[in-house]
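Engineer: Its first residue numbered 4, the sequence shown is counted upward by one per residue in our numbering.
The beta-carbon is built from N, C-alpha and C at its ideal position, and this holds for glycine as well.
All figures in this text were calculated on a predicted structure; none of them were measured in a lab.
There's a structure below that I have some questions on.
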Amino acid sequence: ASKVLIVGSGVIGLRTAVELLRRRVHVSLVSPRHPLHPSTCSMGAGGLWMPFHCDDSRTNQWSFETLSELVGLSLSESGPGPCLGSLVEVLPAVAFKRNDGRSQIPGWAMGANSKCLAFRHLKIDQLYQESKDKGFRLPRRDVIEDAGYSHAWLFQTPIIDAPKMLMHMLDEIKSNPYTDHVDVETSKFYTTMDEMIHEAKTRGCDVLVNCTGMGAKEICNDDSLVGARGVLLHYDRGSCTWRKDAQQSGLGEGSPSSHDNAATDSIVLIEEPPFGSETMPCYMIPRGDIIAVGGTYLERDEEEGIRPSERERVIRNARTMGINVNENEPVGEWVGFRPYRPTSRLEIDEGLSSSNGIRVIHNYGYGGSGWTVFSGAAKDSPSR
């Protein structure tokens, strides 16, 4: 391709533009809203690397390519002290399970490509011994055991500071000599593919890449694309205090307080009752300068604000995780709609391409895995 128009400036659109530019392809990038607009799913996401509600057979391939890139970034960003300013940091992640759970271990956790995750399946006593040895925070042990959780998965996984990464990619695009045009605040919402194709031709582009996320539902009349609503409350990571009665780290009694950086932050995930479920997961993700606590996964729920009952539940989740909710008010909140599709749409639209004399590529529908697959999907996109 000589010139490409990319429509959409979420994580998928930006990383696709970066990939093409690195291959010395001329790129124009347009989007109605800035990547950091509150409505952008990529901006508000927890930034956790872990395949989640993305059922495409290509997911693992894209995920491992992304994992490799993220681990490399985390190593280049590493230094003494807390990594609050990094684009990527690697933290311990714990998923609590009610039973042995070995039969549930996902494919992404096994195989040569996943060695850097150091994935292990542990009993609760083993997990809390590991916490004591390594000094990472966990919810209070008796709270977990009394709720019936007897096992856990423990692995090391990257967390992306989503807003900073979005701006990092946008800056790279703007500074690249192969970039022909960037306007990510056009306020122009396309309603049809014909409008986008006309824009591409007007700009002298012979390839159009549709990275419009949930916008593709209307633009492409794609009824298989549904929004999976998520809610988060944000706590300030630097000043957050933790419950005195909680086992916040394995450092033992008399240890320095957890908010003095004595303990390593950890990701905690619960998708089994009583604390969580598939549609109402309970989780905590330290991301950049916030701790994101959630959440929901509600398909076809279009409510744009956090319902009072949801707020109460997420605050309870924060308390379960060990945050002192009496001393710490949320510093922010977010509601977003993950673009879920039974199969992610990364393909050439043969019909539109042949009838318009321009190659049309669709690149959207990654569910809750946008930040898990973004690099791999972007590398796959030019090969379409």
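Can you grab the Cα-Cα spacing for the pair I404 / V363, in whole Å?
Structural biologist: No answer is possible for residue 404: it lies beyond the span of the chain, which begins at 4 and ends at 387.
Engineer: Specify whether the region 69-77 and the region 349-367 touch according to this definition: at least 3 beta carbon pairs, one from each stretch, less than 8 Å apart.
Structural biologist: Segments in contact, no.
Engineer: By the three-class DSSP mapping on this structure, what secondary structure does Y131 have?
Structural biologist: Counting from one through the sequence shown, the residue named residue 131 turns up at place 128. Of the three classes helix, strand and coil, the one that applies to Y131 here is helix, per DSSP.
Engineer: Whole angstroms are fine: how far does the CA of I222 sit from the CA of P166?
Structural biologist: As a first step, residue 166 must be located in the sequence shown, where it is residue number 163. As a first step, residue 222 must be located in the sequence shown, where it is residue number 219. Approximately 26 Å between the Cα atoms of the pair.
Engineer: Apply the 10 Å Cβ neighbour rule to K118 and answer buried if 16 or more other Cβ atoms are within range, or exposed otherwise.
Structural biologist: Taking the first residue of the sequence shown as position 1, residue 118 is located at position 115. It counts as exposed.
Engineer: Which of the three DSSP states, helix, strand or coil, is assigned to F266?
Structural biologist: Locating residue 266 in the sequence shown gives position 263, where the first residue counts as 1. Phe is not the amino acid found at residue 266; the sequence shown has Ala there. Here A266 sits in coil by DSSP.
Engineer: Classify D402 as buried or exposed, calling it buried when 16 or more other Cβ atoms lie within 10 Å of its own Cβ.
Structural biologist: The structure shown has nothing for residue 402, since the chain only spans 4 to 387.
Engineer: What's the call for F340, buried or exposed, on a 16-neighbour Cβ count within 10 Å?
Structural biologist: In the sequence shown, counting from the first residue as 1, residue 340 sits at position 337. F340 comes out buried.
Engineer: Whose CA, out of R303, I162, S12, lies closest to the CA of V93?
Structural biologist: One-based indexing of the sequence shown puts residue 93 at position 90. For V93, the nearest C-alpha among the options comes from I162.
Engineer: So V271 packs on V97, CB below 8 Å; how close in whole Å?
Structural biologist: Against the sequence shown, residue 271 aligns to sequence position 268. Against the sequence shown, residue 97 aligns to sequence position 94. Between V97 and V271 the Cβ distance is about 5 Å, and since that is below 8 Å, they are a contact.
Engineer: Using only alpha-carbon positions, find the residue among P54, P95, W65 that is nearest to S384.
Structural biologist: In the sequence shown, counting from the first residue as 1, residue 384 sits at position 381. If we check each option's Cα against that of S384, W65 comes out closest.
Engineer: Quick one: complete beta strand (DSSP E) runs, 3+ long, within the region 349-376?
Structural biologist: If we require 3 residues or more, the beta strand (DSSP E) runs fully inside the region 349-376 come out as 362-367.
Engineer: If I measure Cβ to Cβ from V229 and keep anything under 6 Å in the same chain, skipping five residues before and after, which residues do I get?
Structural biologist: Position 226 of the sequence shown, counted from the start, is the residue given in the question as residue 229. These residues qualify, in order along the chain: E302, R303, Y343.
Engineer: With H, G and I counted as helix, E and B as strand and the rest as coil, what does DSSP make of T160?
Structural biologist: Indexing the sequence shown from 1 puts residue 160 at position 157. If DSSP states are grouped into helix, strand and coil, T160 belongs with the strands.
Engineer: With a floor of 4 residues, list each alpha helix (DSSP H) that falls wholly inside the region 151-216, ordered by position along the chain.
Structural biologist: Runs of the alpha helix (DSSP H) inside the region 151-216: 165-178, 196-205.
Engineer: Compute the Euclidean distance between the alpha carbons of A219 and G13, then round it to the nearest angstrom.
Structural biologist: Position 216 of the sequence shown holds residue 219. Position 10 of the sequence shown holds residue 13. Cα to Cα, the separation comes out at about 13 Å.
Engineer: Which value, in whole angstroms, describes the spacing of the CA atoms of T160 and S106?
Structural biologist: Translated into positions along the sequence shown, residue 160 becomes position 157. Translated into positions along the sequence shown, residue 106 becomes position 103. C-alpha separation (whole angstroms): 21 Å.
Engineer: Let me make sure I understand the geometry here. Which of R140, I273, F55 has the alpha-carbon closest to that of P109?
Structural biologist: For the purposes of this step, residue 109 is taken as residue 106 along the sequence shown, with counting starting at 1. It is F55.
Engineer: Rounded to a whole number of angstroms, what is the C-alpha to C-alpha distance between S34 and P277?
Structural biologist: Here residue 34 refers to the residue found at position 31 when the sequence shown is read from its first residue. Here residue 277 refers to the residue found at position 274 when the sequence shown is read from its first residue. Approximately 42 Å between the Cα atoms of the pair.
Engineer: DSSP three-state call for V317: helix, strand or coil?
Structural biologist: Translated into positions along the sequence shown, residue 317 becomes position 314. Helix at V317.
Engineer: Report yes if the CB atom of S31 is closer than 9 Å to the CB atom of P38, and no otherwise.
Structural biologist: Counting from 1 along the sequence shown, the entry for residue 31 is found at position 28. Counting from 1 along the sequence shown, the entry for residue 38 is found at position 35. Not a contact, by the Cβ cut-off of 9 Å.
Engineer: Helix, strand or coil: which one does DSSP assign to D145?
Structural biologist: Translated into the one-based positions of the sequence shown, residue 145 becomes position 142. Helix at D145.
Engineer: Quick test of your reading: V338 and R232, contact by CB under 8 Å. State the CB separation rounded to the nearest angstrom.
Structural biologist: Here the question's residue 338 lines up with position 335 in the sequence shown. Here the question's residue 232 lines up with position 229 in the sequence shown. The Cβ separation is near 7 Å, so the contact holds.
Engineer: Using the rule of at least 16 other Cβ atoms within 10 Å of the residue's Cβ for burial, across every protein chain shown, is K382 buried or exposed?
Structural biologist: Translated into the one-based positions of the sequence shown, residue 382 becomes position 379. Result: buried.
Engineer: Excluding five sequence neighbours on each side, which residues of the same chain lie with their C-beta closer than 7 Å to the C-beta of D59?
Structural biologist: Position 56 of the sequence shown, counting from 1, holds the residue named residue 59. Excluding sequence neighbours, D59 sits near T346, S347.
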